[in-house]
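Quick note: to get the working numbering, add 797 to the position in the sequence shown (first position is 1). Heads up, the beta-carbon is just placed ideally off N, CA and C, and yes, glycines get one too. Only a predicted model underlies this, so the values are computations on that prediction, with no experimental measurement involved.
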Amino acid sequence: MEEKEDYYGDNKTRKWTDLAIGFFGAQFVNSNIGGILYYIIIMIFKFLFKNNNQTIIYLLIGLGAILLIGLNIFIIKKFKKNGREYISKGIIIGIITAILLPLLAFGACMVAFSGFN
798 MEEKEDYYGD
808 NKTRKWTDLA
818 IGFFGAQFVN
828 SNIGGILYYI
838 IIMIFKFLFK
848 NNNQTIIYLL
858 IGLGAILLIG
868 LNIFIIKKFK
878 KNGREYISKG
888 IIIGIITAIL
898 LPLLAFGACM
908 VAFSGFN
């Protein structure tokens, strides 16, 4: 059985570089693709539906979010398969950070503004 060559070896600079590429690249790609999907969904909604039914637009935005999540899972698996697992780890860390930091800030504001009575 052939042993697959490790891309990183003992080079820590490559590991940190790939982690940063995954961390910041995930935010960049997700915001751009999410924005493009949002505007496409709004254009489709305005073109197809003349009434102002908000339920349909929420369903379409949910579908766009599911597509974005599927794209992220595909990209993570692709980098993992190619042996660049630190890019995959950076993507996962970036997504978790993007979700948890606003929730932590919201919780801190709720505690600060609710008072201690």
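- In this structure I830 does not touch L856 by the C-beta definition: roughly 19 Å separates them, more than the 8 Å allowed.
- Annotation: I854 to D803 spans about 46 Å, alpha carbon to alpha carbon.
- In summary, N827 is buried, with 16 or more beta-carbon neighbours lying within 10 Å of its beta-carbon over all protein chains present.
- Between I884 and D807, the C-beta gap is not smaller than 7 Å, which leaves the two residues out of contact.
- Residues I884 of the same chain have their beta carbon placed closer than 6 Å to that of I818, with the five preceding and five following residues left out of the count.
- In the displayed model, R811 falls within a helix according to three-state DSSP.
- Rounded to whole angstroms, the Cβ separation of I890 and F820 is 6 Å, and the two are in contact under 8 Å.
- Considering only G861, L900, I888 and T852, the residue with the shortest C-alpha distance to F825 is I888.
- Between I866 and I838, the beta carbon gap of about 15 Å keeps them out of contact (Cβ cut-off 8 Å).
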